[in-house]
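Since the structure comes first, as structure tokens, the remarks are kept for the end.
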Amino acid sequence: MLNALRNLPLVQDLNWRLAAVGLTSSLGAFGFGFDNGWWGGALGLSEFKHKYGAYNPALGEWAIPSQKASVGTGTGSAGIILGCLMAPIITSKWGRKAGFLILSLLMVFGVVLEASAVTSFWQLVVGRIVVYSGIGLASNVVPTYLSECSPTRVRGAFLALYSFFTSLGVFIATVVVYASRNRSDQWQYLIVICCQLLVPIGYLIAPPFLPESPRYLIYRGKYAEAEQVLKTLHKNQDNIAQEIELLKFQIEEQRDLHKATSVLDCFKGTNLPRTIACMGVQILQQAQGVSFIQNFIVTFMQQLGFPDPLKTNVLVTGCSFACHIFTFVTFDQLGRRWSLLFGSLGLAATMLGTGGAIESSESVASLSIEAKNACVALLILWYCIYGFTWGPGCWIVTGEVGTGQLRERTVFLASMGSFLTSIPINFVNPYLQASIGGRVTFIYGSFSVVSLVFVWLVVPETKGRSLEDIDEMYQARLSPWKFQQYTCTGIGAQIANLNSDGGKLGVVAEKDDGPTKEEVE
Numbered sequence: 034m035l036n037a038l039r040n041l042p043l044v045q046d047l048n049w050r051l052a053a054v055g056l057t058s059s060l061g062a063f064g065f066g067f068d069n070g071w072w073g074g075a076l077g078l079s080e081f082k083h084k085y086g087a088y089n090p091a092l093g094e095w096a097i098p099s100q101k102a103s104v105g106t107g108t109g110s111a112g113i114i115l116g117c118l119m120a121p122i123i124t125s126k127w128g129r130k131a132g133f134l135i136l137s138l139l140m141v142f143g144v145v146l147e148a149s150a151v152t153s154f155w156q157l158v159v160g161r162i163v164v165y166s167g168i169g170l171a172s173n174v175v176p177t178y179l180s181e182c183s184p185t186r187v188r189g190a191f192l193a194l195y196s197f198f199t200s201l202g203v204f205i206a207t208v209v210v211y212a213s214r215n216r217s218d219q220w221q222y223l224i225v226i227c228c229q230l231l232v233p234i235g236y237l238i239a240p241p242f243l244p245e246s247p248r249y250l251i252y253r254g255k256y257a258e259a260e261q262v263l264k265t266l267h268k269n270q271d272n273i274a275q276e277i278e279l280l281k282f283q284i285e286e287q288r289d290l291h292k293a294t295s296v297l298d299c300f301k302g303t304n305l306p307r308t309i310a311c312m313g314v315q316i317l318q319q320a321q322g323v324s325f326i327q328n329f330i331v332t333f334m335q336q337l338g339f340p341d342p343l344k345t346n347v348l349v350t351g352c353s354f355a356c357h358i359f360t361f362v363t364f365d366q367l368g369r370r371w372s373l374l375f376g377s378l379g380l381a382a383t384m385l386g387t388g389g390a391i392e393s394s395e396s397v398a399s400l401s402i403e404a405k406n407a408c409v410a411l412l413i414l415w416y417c418i419y420g421f422t423w424g425p426g427c428w429i430v431t432g433e434v435g436t437g438q439l440r441e442r443t444v445f446l447a448s449m450g451s452f453l454t455s456i457p458i459n460f461v462n463p464y465l466q467a468s469i470g471g472r473v474t475f476i477y478g479s480f481s482v483v484s485l486v487f488v489w490l491v492v493p494e495t496k497g498r499s500l501e502d503i504d505e506m507y508q509a510r511l512s513p514w515k516f517q518q519y520t521c522t523g524i525g526a527q528i529a530n531l532n533s534d535g536g537k538l539g540v541v542a543e544k545d546d547g548p549t550k551e552e553v554e
């Protein structure tokens, strides 16, 4: 058992600096999860409902009207889109580290607006837009940074950090909401809002631990700096100089052949299927119901008649977070494609099963205790399957499938697809729940069936492949189901050899007319 653990790529390739880079850079994902978690939980807090809601004489209690719940949730997605629009400009011109600094400043300003919105719900909404613009920037910077800093063998684990920290943020938010539920003053929800400051504070003290992306430095011609960064991040330092030369050659080759620099280039030639794969997994992640679970699970359980939905929400998010822990190994062992395929099957079965349990009764109010417990059990299972598959999987695909020249723009388009999908879901879901109740799960379950077909036809297997390998396979115009069996022979294969023991090494010799490859035994 101990020997098996020692042989895991994550154990063999990880050093303290690489671990610090992965954990620190993923704070933005924690902020995204925390924001989703606190808002969904706050909609069920008595003081929050009393401060920003309206008295419902039919129910005899205060409640957040569907209109406000819809606007408050949906405008967060609008803020994310603003952040996504800023991301390619910031990260291309000033680098990935600049993105971390700017998103921190945005989040601080947004939290101040939220916390000072003593009576104005609309100031709270503006604050959420500003905070979420920082989150949108993070959703572009973090996956790009993680994919460019991590060695090939552990890239899946590192990209899984984004979803892991998102899940951790949701879980911590639900715990904080639950812990503050018995307070009878405005601090019942202000404590939760102020906890968001942990993310920007973390980023503001992180610069000593966060080097610039080595691939970004190479793109900018800063080869000595890139070499120094790789030496601090990689355990195997014997072939760092050769790896730099190979990356230089590959980048120059891409520039000469493709000269792709704009968003429109993402939809041309072999870049088109890459963009479709990245955008598709992000759109389908939302369409399968994650926003429903994160933002409306508390109100859904209130509809089912559970006496303590906040406590149940802690259980739901805690189970999902626990499942995320295993993804640091599974995606680099089982692969991306099969994880997503099995995930789609499981998500479809659990969401449709929830709808079936509700459909068997005349109304949600008339559900038996057994049916209610079955619904919650199925939703917990849904969130666990999501945490094990689609949660990290969509970000892994997004972070590694885009070509080097267009990676920031591909991640931007994918993130935009995700959040543009979440806007109608977040706006419409409160009205759907009010109208058809728990049967809304039939809609989300249907999209899981669609995602099963999409993954089979569009998403390639990239496990164990370098980013340069992925470039080679897309240029060869392979069908997605043929990626796993393909033998790469280009620069990506040479870089993989440089990062492993034995094998042939690709060496690059500088000549007057530019770098050229030579194969040596």
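Numbering (our numbering), first residue to last: 34 to 554.
Think of the CB as a built atom: it goes at the ideal place given N, C-alpha and C, for glycine as much as any other residue.
Residue i vs residue j beta-carbon contact at 8 Å
i, j, result
"C427", "Q327", "no"
"V187", "D46", "yes"
"I413", "G379", "no"
"L337", "R214", "no"
"S59", "V175", "yes"
"C182", "P241", "no"
"D502", "A526", "yes"
"F460", "S103", "yes"
"Y165", "G112", "yes"
"K82", "A91", "no"
"V203", "N69", "yes"
"F197", "H357", "yes"
"Q321", "S484", "yes"
"S180", "G66", "no"
"V347", "Y416", "no"
Buried versus exposed call for residue i [16 or more other C-beta atoms within 10 Å across all chains shown]
i, result
"E543", "Residue confidence is low: E543 scores 40 on pLDDT, short of 50, so the model does not pin down where it sits. Its coordinate-derived value is still stated next. Flag for E543 reads exposed."
"N48", "exposed"
"N89", "exposed"
"Y464", "exposed"
"Q100", "exposed"
"P184", "buried"
"S295", "exposed"
"F152", "Phe is not the amino acid found at residue 152; the sequence shown has Thr there. T152 is exposed by the Cβ-count criterion."
"P121", "buried"
"L18", "Given a span of 34 to 554 for the chain in the structure shown, any question on residue 18 remains unanswerable."
"L500", "buried"
"I330", "buried"
"L490", "exposed"
"V323", "buried"
8 Å Cβ cutoff, residue i in contact with chain C
i, result
"T436", "In the displayed structure, chain C is absent; only one protein chain is listed."
Of the listed residues the options, nearest to residue i (C-alpha basis)
i, options, result
"Q229", "Q219, G450, G143", "G143"
"I309", "F282, S451, Q335, F333", "S451"
"G497", "G105, M384, E441, L367", "L367"
"V473", "F333, F375, F445", "F333"
"M312", "M449, E80, G93, L146", "M449"
"L305", "T495, L231, I205, A447", "A447"
"F339", "Y178, S479, V430, C408", "C408"
"Y178", "T265, N269, L243, S324", "L243"
"V262", "E505, V54, T443", "V54"
"F300", "G435, A62, I469, A171", "G435"
"T124", "T431, V488, L170", "L170"
"Q579", "M506, N462, W72", "No answer is possible for residue 579: the residues shown for the chain start at 34 and end at 554."
"S481", "G61, G128, G376, L76", "G376"
Three-state secondary structure assigned by DSSP to residue i
i, result
"Y519", "coil"
"E94", "strand"
"A239", "coil"
"A87", "strand"
"W428", "helix"
"Q336", "helix"
"A150", "coil"
"V492", "coil"
"W127", "coil"
"G547", "Because G547 carries a pLDDT of 42, less than 50, the predicted location of this residue cannot be relied on, and the following value inherits that uncertainty. Here G547 sits in strand by DSSP."
"V540", "In this predicted model, V540 has a pLDDT of only 41, less than 50, meaning its place in the structure is not dependable; the value taken from the coordinates is given anyway. The answer is strand: DSSP assigns V540 an E or B state."
"T436", "coil"
"H357", "helix"
"A310", "helix"
Residue i beta carbon near the ligand MG (any heavy atom closer than 7 Å)
i, result
"V141", "The ligand content of the structure shown is nil, which means the ligand MG is not present either."
Problem - Three CB pairs or more closer than 8 Å across the stretch 449-459 and the stretch 517-524 - result: no
Practice task
Pair every Cβ in the stretch 153-160 with every Cβ in the stretch 121-141, then say whether three or more of these pairs are closer than 8 Å.
Solution key: no
Exercise for the section: Count the CB pairs spanning the stretch 199-210 and the stretch 220-235 that are closer than 8 Å, and state whether there are at least three. Expected result: The way I'd put it, the stretch 199-210 does touch the stretch 220-235; three or more beta-carbon pairs between them come closer than 8 Å.
Exercise for the section: Inspect the CB distances between the stretch 379-392 and the stretch 501-512 and report whether three or more fall short of 8 Å. Expected result: no
Exercise for the section: Mind the definition here: the stretch 182-198 touches the stretch 357-376 only if three or more C-beta pairs lie below 8 Å; say whether that holds. Expected result: yes
Exercise for the section: Evaluate the contact criterion for the stretch 276-285 versus the stretch 242-254: three or more CB pairs, one atom per stretch, below 8 Å. Expected result: yes
Handout entry: Three-pair Cβ contact test at 8 Å for the stretch 369-378 versus the stretch 234-249
Key = no
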